[in-house]
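K.L.:
By this note's numbering, the letter at position 223 of the sequence shown is numbered 232, and the numbering carries on one by one without gaps.
All C-beta atoms, glycine included, are put in the ideal place defined by N, C-alpha and C.
Remember, it's a predicted structure, so these values are computed and weren't measured experimentally.
So that we are looking at the same thing, I have put the structure below in structure tokens.
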Amino acid sequence: MAQMNMKEAIRDGMRVELKRDPNVLLFGEDVGKVGGVFRATEGLQNEFSEDRVFDTPLAESAIGGLAVGLAVQGFRPIAEIQFVGFIYEALDQMAVQAARLRYRSGGRYNAPITFRTPFGGGVKAAELHTDALEGLLVQTPGIKVVVPSNPYDAKGLMISAIRDNDPVFFMEHLNLYHAFRSEVPEGEYTVPIGKANVVKEGSDVTIITYGMMVHTSLKAAEEIEKTKGVKVEVIDLRTLMPLDIDTIVESIKKTNRAIVVQEAQKTSGVAAEVIAQINEKAILHLEAPVLRVAPPDTVYPFAQIEDAWLPNPARIIDGLNKVLDF
10 MAQMNMKEAI RDGMRVELKR DPNVLLFGED VGKVGGVFRA TEGLQNEFSE
60 DRVFDTPLAE SAIGGLAVGL AVQGFRPIAE IQFVGFIYEA LDQMAVQAAR
110 LRYRSGGRYN APITFRTPFG GGVKAAELHT DALEGLLVQT PGIKVVVPSN
160 PYDAKGLMIS AIRDNDPVFF MEHLNLYHAF RSEVPEGEYT VPIGKANVVK
210 EGSDVTIITY GMMVHTSLKA AEEIEKTKGV KVEVIDLRTL MPLDIDTIVE
260 SIKKTNRAIV VQEAQKTSGV AAEVIAQINE KAILHLEAPV LRVAPPDTVY
310 PFAQIEDAWL PNPARIIDGL NKVLDF
């Protein structure tokens with residue numbers, strides 16, 4: 010089995026679908042000859058021609074509009090937005106056009122579009138390049154939101170996203186592109202959208218998280234288990250919309266305590282939604298309030314203070330201690 014980092018796994022997922030389905034098209038700024046700003050699409054234009062993998066003008070609104078138009082005509086576009094902070098230019102096409110197409114047309118048309126974008130901090134990039142805007146997208150009806158945390162999931166979720174008949178926003182964490190390699194099967198396989206993964210089993214407290222924070226949380230879990238003798242369960246959501254609340258509730262029934270870790274600013278984000286659903290469906294199984302570990306509600310900071318702004322193992326351990334000692 011091949012060893013791939015997450016960038017290579019994402020590219021392999023797109024390659025599988027470009028090869029399988031002639032209606033799959035890939036476009037965005039510099040995705041052709043250059044291979045994308047992070048080389049995630051490197052080599053695909055040579056393999057599949059300029060008709061199917063092509064560059065667009067520097068205009069995110071045009072990328073979004075092209076994706077919607079092609080989807081209506083029966084294609085399955087993969088549209089790359091170079092950095093997540095640039096999606097504001099394309100939100101009309103994403104949230105007002107693509108997300109409502111099925112409902113607005115009474116099921117006559119679908120929008121099978123995969124919007125790809127890098128996001129996330131810890132790499133000392135400037136604001137707009139590292140923002141975590143998943144909460145904004147999760148609150149948009151009609152859009153599915155996927156955030157892989159490892160190469161295997163990234164390829165399987167990419168294939169699922171391209172085959173989905175509704176728009177899927179595929180968020181690729183910058184810090185995970187080259188973080189590590191792991192085994193990725195050759196050929197096609199899927200990881201289902203809407204299914205979370207218990208990446209570490211435990212019995213005393215649950216951490217619910219996604220993306221880069223899965224790895225930060227695993228470090229925190231390992232540390233507190235050594236010092237406090239507790240067993241921590243860690244859930245990787247993998248998909249933020251739709252949310253796999255069943256897996257979360259099953260974990261709460263076992264551990265009776267939980268924290269939610271997110272990289273986005275604290276207020277009205279994915280963590281708030283997870284906690285609300287736990288209260289609705291599992292409150293009688295809780296022995297402590299569910300806490301959030303998240304950055305403050307500020308603009309994404311300059312690189313000099315980025316490490317202090319992002320959640321780290323020490324802050325996650327502090328959250329775990331609060332719910333364990335409640």
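Answer yes if the segment 206-224 comes into contact with the segment 233-253, meaning at least three C-beta pairs across the two stretches below 8 angstroms, and no otherwise.
P.N.:
Yes, the segment 233-253 touches the segment 206-224.
K.L.:
Val155 and Phe179: beta carbons closer than 9 angstroms?
P.N.:
As a first step, residue 155 must be located in the sequence shown, where it is residue number 146. As a first step, residue 179 must be located in the sequence shown, where it is residue number 170. Going by C-beta atoms, Val155 is nearer than 9 angstroms to Phe179.
K.L.:
Looking only at its chain, what residues have a beta carbon closer than 6 angstroms to the beta carbon of Ile152, apart from the 5 residues adjacent to it on each side?
P.N.:
Taking the sequence shown and counting its residues from 1, one reaches residue 152 at position 143. Here the set comprises Ala108, Leu146, Pro176 and Phe178.
K.L.:
Can you tell me the Cα-Cα spacing of Ile284 and Ile96, whole angstroms?
P.N.:
By 1-based counting over the sequence shown, the position of residue 284 is 275. By 1-based counting over the sequence shown, the position of residue 96 is 87. Each residue's alpha carbon lies about 27 angstroms from the other.
K.L.:
Relative to the C-alpha of Val279, which candidate in Pro304, Ile261 and Val25 has its C-alpha closest?
P.N.:
Looking up residue 279 in the sequence shown gives position 270. Checking every option, the nearest Cα to that of Val279 belongs to Pro304.
K.L.:
Any idea which residues DSSP pairs Glu43 with across the strands?
P.N.:
By 1-based counting over the sequence shown, the position of residue 43 is 34. Inspection of the sequence shows that residue 43 is occupied by Val rather than by Glu. In DSSP, Val43 forms no bridge with anything.
K.L.:
I need the straight-line Cα distance from Pro86 to Val208, nearest angstrom please.
P.N.:
Locating residue 86 in the sequence shown gives position 77, counting from the first residue. Locating residue 208 in the sequence shown gives position 199, counting from the first residue. So the two alpha carbons sit approximately 31 angstroms from each other.
K.L.:
Can you give the beta carbon distance from Leu110 to Ala120, rounded, assuming they're within the 8 angstroms contact cut?
P.N.:
Along the sequence shown, read from residue 1 onward, the residue named residue 110 stands at position 101. Along the sequence shown, read from residue 1 onward, the residue named residue 120 stands at position 111. Between Ala120 and Leu110 the Cβ distance is about 4 angstroms, and since that is below 8 angstroms, they are a contact.
K.L.:
Among Ala281, Lys263 and Thr264, which residue has its Cα nearest to the Cα of Gln271?
P.N.:
Sequence index remark: in the sequence shown, residue 271 carries index 262 (1-based). Out of Ala281, Lys263 and Thr264, Ala281 has the C-alpha closest to the C-alpha of Gln271.
K.L.:
Using a Cβ-Cβ cutoff of less than 8 angstroms, which residues in the same chain neighbour Val308 once the five nearest sequence positions on both sides are dropped?
P.N.:
On the sequence shown, residue 308 is found 299 positions in, with the first residue counted as 1. These residues qualify, in order along the chain: Glu136.
K.L.:
How is the alpha helix (DSSP H) around Gly165 delimited, first residue to last?
P.N.:
For this step, residue 165 is matched to residue 156 along the sequence shown. Its alpha helix (DSSP H) spans residues Pro160 to Arg172.
K.L.:
Going by beta carbon distance, what residues of the same chain come within less than 7 angstroms of His294, once the five residues before and after it are set aside?
P.N.:
Counting from 1 along the sequence shown, the entry for residue 294 is found at position 285. So the qualifying residues of the chain are Ile261, Lys262 and Asn265.
K.L.:
Just grab the DSSP bridge partners of Lys209 for me.
P.N.:
The residue given as residue 209 occupies position 200 in the sequence shown. Paired residue(s): Val243.
K.L.:
If the criterion is Cβ atoms closer than 9 angstroms, does the pair Pro251 and Gly211 meet it?
P.N.:
Within the sequence shown, residue 251 is the residue found at index 242, counting from 1. Within the sequence shown, residue 211 is the residue found at index 202, counting from 1. Not in contact: Pro251 and Gly211 (Cβ atoms no closer than 9 angstroms).
K.L.:
Relative to the alpha-carbon of Asn32, which residue among Ala49, Ile287, Asn55 and Thr123 has its alpha-carbon at the smallest distance?
P.N.:
On the sequence shown, residue 32 is found 23 positions in, with the first residue counted as 1. It is Thr123 whose Cα lies nearest to the Cα of Asn32.
K.L.:
List the endpoints of the continuous beta strand (DSSP E) containing Ala267.
P.N.:
On the sequence shown, residue 267 is found 258 positions in, with the first residue counted as 1. Start and end: Ala267 to Val270.
K.L.:
What are the start and end residues of the beta strand (DSSP E) that includes Lys228?
P.N.:
Walking along the sequence shown from the start, residue 228 turns up at place 219. Segment Met221 to Lys237 is the alpha helix (DSSP H) holding Lys228; no beta strand (DSSP E) there.
K.L.:
Quick one: what does DSSP say Ala88 is sitting in, helix, strand or coil?
P.N.:
Sequence index remark: in the sequence shown, residue 88 carries index 79 (1-based). Strand, per DSSP.
K.L.:
Starting from Phe57, follow the beta strand (DSSP E) in both directions and report where the run begins and ends.
P.N.:
Residue 57 sits at position 48 when you count from the first residue of the sequence shown. Premise fails: Phe57 lies in the alpha helix (DSSP H), Leu53 to Phe57, not in any beta strand (DSSP E).
K.L.:
For Ala230, is the classification buried or exposed, using 16 other Cβ atoms within 10 angstroms of its Cβ as the cut-off for buried?
P.N.:
By 1-based counting over the sequence shown, the position of residue 230 is 221. Classification of Ala230: buried, given that the 10 Å Cβ count is 16 or more.
K.L.:
With 16 as the cutoff for other CB atoms within 10 Å, does Pro320 come out buried or exposed?
P.N.:
Numbered from 1 along the sequence shown, position 311 holds the residue referred to as residue 320. Burial call: buried.
K.L.:
How many angstroms separate the CA atom of Leu142 from the CA atom of Lys275?
P.N.:
Reading the sequence shown from its first residue, position 133 is the one you call residue 142. Reading the sequence shown from its first residue, position 266 is the one you call residue 275. Computed Cα separation, rounded: 12 angstroms.
K.L.:
Leaving out five residues before and five after Tyr118 in sequence, what residues of the same chain have Cβ atoms less than 6 angstroms from its Cβ?
P.N.:
Mapped onto the sequence shown, residue 118 falls at position 109. Once the five neighbours on either side are set aside, the close Cβ partners of Tyr118 are Val81 and Leu110.
K.L.:
Evaluate Pro150 with the Cβ neighbour count: other Cβ atoms within 10 Å of its Cβ, from every protein chain shown; 16 or more gives buried, anything less gives exposed.
P.N.:
Stepping through the sequence shown from its first residue, residue 150 is reached at position 141. Answer is exposed; the Cβ neighbour count stays below 16.
K.L.:
Check whether the Cβ of Leu227 sits closer than 8 angstroms to any heavy atom of the ligand MN, and report yes or no.
P.N.:
The model depicted lacks the ligand MN and carries no ligand whatsoever.
K.L.:
Using three-state DSSP, classify Val77 as helix, strand or coil.
P.N.:
Within the sequence shown, residue 77 is the residue found at index 68, counting from 1. Val77 falls in the helix class under three-state DSSP.
K.L.:
Measure the alpha-carbon distance for His224 versus Val299 and round it to whole angstroms.
P.N.:
As a working note, residue 224 is residue 215 in the sequence shown. As a working note, residue 299 is residue 290 in the sequence shown. For His224 and Val299, the distance between alpha carbons rounds to 20 angstroms.
K.L.:
Could you check whether Ser158 and Arg247 sit closer than 9 angstroms to each other, using their CB atoms as the reference points?
P.N.:
Within the sequence shown, numbered from 1, the residue matching residue 247 stands at position 238. Within the sequence shown, numbered from 1, the residue matching residue 158 stands at position 149. Contact: yes.
K.L.:
With 16 other CB atoms within 10 Å as the buried threshold, where does Ile187 fall?
P.N.:
Position 178 of the sequence shown, counted from the start, is the residue given in the question as residue 187. Just to set this straight, residue 187 is His in the shown sequence, not Ile. With fewer than 16 Cβ atoms within 10 Å of its Cβ, His187 is classed as exposed.
K.L.:
Looking only at its chain, what residues have a beta carbon closer than 7 angstroms to the beta carbon of Ser277, apart from the 5 residues adjacent to it on each side?
P.N.:
Numbered from its first residue, the sequence shown carries residue 277 at position 268. The answer, listed in chain order, is Gly144.
K.L.:
Taking just the CA atoms, how far does Asp101 sit from Thr199?
P.N.:
Locating residue 199 in the sequence shown gives position 190, where the first residue counts as 1. Locating residue 101 in the sequence shown gives position 92, where the first residue counts as 1. If I take the Cα positions, the gap works out to 30 angstroms.
K.L.:
Under three-state DSSP, which class holds Phe95?
P.N.:
If you number the sequence shown from 1, residue 95 lands on position 86. It is helical.
K.L.:
With 16 other CB atoms within 10 Å as the buried threshold, where does Lys235 fall?
P.N.:
Looking up residue 235 in the sequence shown gives position 226. Under this definition Lys235 is an exposed residue.
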